[in-house]
Amino acid sequence: MAPNGNNIIPNAHFHKDWDKRVKTWFDQPGRKKSRRVARAKKALAVSPRPVAGCLRPIVRCQTFKYNTKVRAGRGFTLEELKAAGITRKVARTVGIAVDHRRRNRSSESLQANVQRLKEYRSKLIIFPRKMSKPKRGDSDEAELKLARQLSGQVLPISQTLPSIKARAITAEERKTSVFSSMRIARANARLIGVREKRAKEAAEQQLHKKK
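Right, dumping it as structure tokens:
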């Protein structure tokens, strides 16, 4: 169909070298093999230590949306190491990650990570620097023979969800309003400073009246 009107002259660009700009991935099987070989080399280099690296603590995820889940943290706190009876210098030498900036906000997390450290220590096999001169704290020859390199995660973290069984709603629960109790608690928290100020002023006025 012939063009009509005062339009642009058709000038279609059909000779662009599009095939040079196409990204291909023909070396996928080769790259897969090279990654596998690299993993095997790394495992051999760090042997007999675990392939996954250091032991990490159990921490809560951030924000109200995700804090019901747990994950691996950066490192154990100095308080957790002290409670488990491990010094910070020794911890790094036996494959325990240390984070001096982290703080324990609850006793539950502290006890959980202390228990994790004790479990790790009970399963730990320490090789002596010189096989001919073992030092105090090193494992004996029988344990050294049983040592195998761990290929998976070190003490993997599992999500524990509270199991709540279905039950009938009580008459007392029907009477209470969760929304109103939340609003009252929110108002009390917001007005605590104002109420304290008013109470202080009222007490001062009472003293002036007595005088």
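Each residue of the sequence shown is one higher than the one before, counting from 870 in this note's numbering. Ideal placement from N, C-alpha and C gives every residue a C-beta, glycine not left out.
Selected residue, minimal CA-CA separation from residue i, among the options
{"i": "residue 977", "options": "965, 962, 963 and 939", "result": "939"}
{"i": "residue 1026", "options": "961, 915 and 981", "result": "981"}
{"i": "residue 966", "options": "1032, 930 and 924", "result": "924"}
{"i": "residue 974", "options": "946, 986 and 985", "result": "946"}
{"i": "residue 1000", "options": "994, 1010 and 1006", "result": "1010"}
{"i": "residue 1028", "options": "875, 929, 884 and 1073", "result": "929"}
{"i": "residue 956", "options": "979, 942, 986 and 885", "result": "986"}
{"i": "residue 970", "options": "964, 937 and 943", "result": "943"}
The alpha helix (DSSP H) enclosing residue i, as first and last residue numbers
{"i": "residue 1072", "result": "1061-1079"}
{"i": "residue 980", "result": "976-992"}
{"i": "residue 932", "result": "932-935"}
{"i": "residue 1044", "result": "1040-1044"}
{"i": "residue 1011", "result": "1010-1015"}
As assigned by DSSP and simplified to three states, the class of residue i
{"i": "residue 961", "result": "helix"}
{"i": "residue 967", "result": "strand"}
{"i": "residue 1057", "result": "helix"}
{"i": "residue 886", "result": "coil"}
{"i": "residue 952", "result": "helix"}
{"i": "residue 1032", "result": "coil"}
{"i": "residue 1023", "result": "coil"}
{"i": "residue 1168", "result": "Since the displayed the chain opens at 870 and closes at 1080, residue 1168 lies outside it and no answer follows."}
{"i": "residue 897", "result": "helix"}
{"i": "residue 1119", "result": "There is simply no residue 1119 to check, as the chain begins at 870 and stops at 1080 in what is shown."}
{"i": "residue 999", "result": "coil"}
{"i": "residue 1037", "result": "coil"}
{"i": "residue 1005", "result": "coil"}
{"i": "residue 911", "result": "helix"}
{"i": "residue 972", "result": "coil"}
{"i": "residue 906", "result": "helix"}
Delimiting residues of the beta strand (DSSP E) encompassing residue i
{"i": "residue 920", "result": "Element bounds for residue 920: n/a, residue is neither H nor E."}
Residues that DSSP places opposite residue i in a beta bridge
{"i": "residue 941", "result": "927"}
Proximity test, residue i beta-carbon vs the ligand ADP heavy atom, cut-off 7 Å
{"i": "residue 965", "result": "Ligands in the displayed structure: none, and consequently the ligand ADP is not present."}
Would you call the stretch 935-952 and the stretch 889-906 touching, i.e. three or more CB-CB distances under 8 Å?
No, the stretch 935-952 does not touch the stretch 889-906.
Tell me whether the stretch 917-937 and the stretch 1014-1031 touch, counting them as touching only if at least three CB pairs, one residue from each stretch, are closer than 8 Å.
Segments in contact, yes.
Below 8 Å, can you find three or more Cβ-Cβ pairs linking the stretch 887-895 to the stretch 982-990?
Here the stretch 887-895 makes no contact with the stretch 982-990; the two share fewer than three CB pairs at distances below 8 Å.
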